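Under the working numbering, residues 1101 to 1357 are what the sequence shown spells out, in order. Glycine residues also receive a C-beta, built at the ideal position from the N, C-alpha and C atoms. Quantities reported herein were computed from a predicted structural model and do not represent experimental measurements. See below for the structure under consideration.
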Amino acid sequence: MIILADCSTRMRSIVSFYFCYLLCLCLGIACVVFVSIWNSQWRGGFAWDGSALQFNWHPVLMVTGLVVLYGNGAVLYRIPLTWGQNKLPWKLLHAGVMLLALLCSILGLCAVFDFHHTNSTPNLYSLHSWIGICTTALFTTQWVMGLAGFLLPWSPMSFRKLLKPAHVWMGGCILILSIVSCISGINEKLFFALKGTTNGTMPYGNLPPEALVANSLGVLIVAFGLVVLKILSNQKWQRPEPQSEDLGYSPLLQDDS
C-alpha cells in the first residue's frame, strides 16, 4: 500500500509538472506573438536603418531572448523525461538555449543604441535602461561562469560545488530582473508613444487598442515568469543527482548519466 501511495503521489507530481510546463510554453509563445503584433501593427513594422522601425526590434528581441528563451532554458533540467538519461546533451542544450537568449538580448541592445546614436538621443538615462543593461551584464557573467564551471574539462570539483548554488540563485534573480525590465520598458514606450493630440494618437489614459495589447503583453510576461519560478522552486521537480557526482567530477565529454 505504501508503494502504491508513493507511485500515485509521484504520478500526480509529474502530471502537475507537465501542466505547468505546457502552460509555460503557451505563455511564452503568446508573449512573442503579442510583442510582434504590437510592433508590426501599431509601431509600423521593422527595419535596420536607424529609424523608429529599427527601435521596434528592441522590445521583440528582449522579450524573446531575455524572458521567453531564458525562462524555457532555465526549466530544461526539470523535465522528468530527461531524468536517468545522460546529462551531457541537456547541459549542452541548456547552454545553447541560453546562448541564443543572450545573443537576442545583445542584438536588442544594439538596435536601441544604434537608434539612439542615429537620432542623437541620450543613452542610459532611464530606470528601465539601467535595469536592462545590468540584467544583460549579469546574464553574460552567468553564462560565462556556467561555461567555465560546468562544461570546461579543467574545472575543479571544488569550484563546481561552490558555483552551483550561486548559479541557481542568480538564474532566478536574472529572470525577475528581466521581467521588471520588460514591464518598465513597455510602460515607458506607451507613455512616449501615446501622447494624445500632440502626435495624432489617443492618449494612454483612454486605453486605446495599442495600450490594451501592450498592457496584455505585460500581464503575459508576468504570468510566464511566475510559472517558470513555480517550476524552479518546486523541490519535487528537481533532477535527481546521481551518487557518482559526490565522488568526483567528469566534465563535458565524460559526464554523469
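Measure from the C-beta of Leu-1166 to each C-beta in chain B and report whether the shortest distance is under 7 Å.
In the structure shown, chain B does not exist; there is a single protein chain.
Counting C-beta neighbours from all protein chains within 10 Å, is the total for Met-1111 16 or more, i.e. buried, or is it exposed?
For Met-1111, the number of other beta carbons within 10 angstroms of its own is below 16, and it is reported as exposed.
Whose C-beta lies closer than 7 Å to the C-beta of Ser-1316 among residues of the same chain, with five residues either side of it excluded?
Phe-1134
Option nearest Ala-1248 by Cα separation, candidates Leu-1263, Thr-1235, Thr-1236 and Lys-1289
Leu-1263
State buried or exposed for Val-1115, treating a residue as buried only when at least 16 other CB atoms are found within 10 Å of its CB.
exposed
Proximity of Cys-1120 and Ile-1283 at Cβ, strictly below 7 Å:
no
Beta-carbon proximity check, Asn-1139 vs Val-1168, cutoff 7 Å
no
So, at 7 Å on beta carbons, what are the nonlocal neighbours of Tyr-1304 in its own chain, with the 5 sequence-adjacent residues on each side left out?
Leu-1290, Phe-1291, Leu-1294 and Ala-1311
Under 8 Å by Cβ, that's how I've got Leu-1166 and Ser-1205 pegged, so tell me the actual separation to the nearest angstrom.
5 Å
Rank Leu-1181, Trp-1183, Tyr-1177 and Leu-1203 by C-alpha distance to the C-alpha of Leu-1192 and give the top, closest one.
Answer by Cα proximity: Tyr-1177.
Using 10 angstroms around the beta-carbon of Ser-1113, count the other beta-carbons present and answer buried if the total reaches 16, otherwise exposed.
Residue environment analysis places Ser-1113 among the exposed positions, since fewer than 16 neighbouring C-beta atoms fall within 10 angstroms of its C-beta.
Just reading off the alpha helix (DSSP H) that Ser-1258 is part of, what are its end residues?
1257 to 1293
Assigned exposure category for Asn-1219 - 16 Cβ within 10 Å defines buried:
Exposed.
Use the C-beta contact count for Gln-1242: other C-beta atoms within 10 angstroms, 16 or more gives buried, fewer gives exposed.
buried
Under 8 Å: do the stretch 1137 to 1155 and the stretch 1259 to 1279 share three or more Cβ pairs, one atom per stretch?
Counting Cβ pairs under 8 Å, fewer than three are found: no touch.
Check whether the Cβ atoms of His-1228 and Glu-1288 sit closer than 7 Å, and answer yes or no.
yes
Counted within 10 angstroms of its Cβ, other Cβ atoms place Pro-1351 as buried (16 or more) or exposed
Caution applies to Pro-1351, whose pLDDT of 44 falls short of 50 and renders its modelled position unreliable; the value that the coordinates give is listed next. Under this definition Pro-1351 is a buried residue.
Pick out whichever of Phe-1117, Cys-1126 and Met-1245 has its Cα sitting closest to the Cα of Trp-1337.
In terms of CA proximity to Trp-1337, Phe-1117 leads the group Phe-1117, Cys-1126 and Met-1245.
Let me make sure I understand the geometry here. Which of Thr-1182, Ile-1233 and Leu-1307 has the alpha-carbon closest to that of Val-1212?
Out of Thr-1182, Ile-1233 and Leu-1307, Ile-1233 has the C-alpha closest to the C-alpha of Val-1212.
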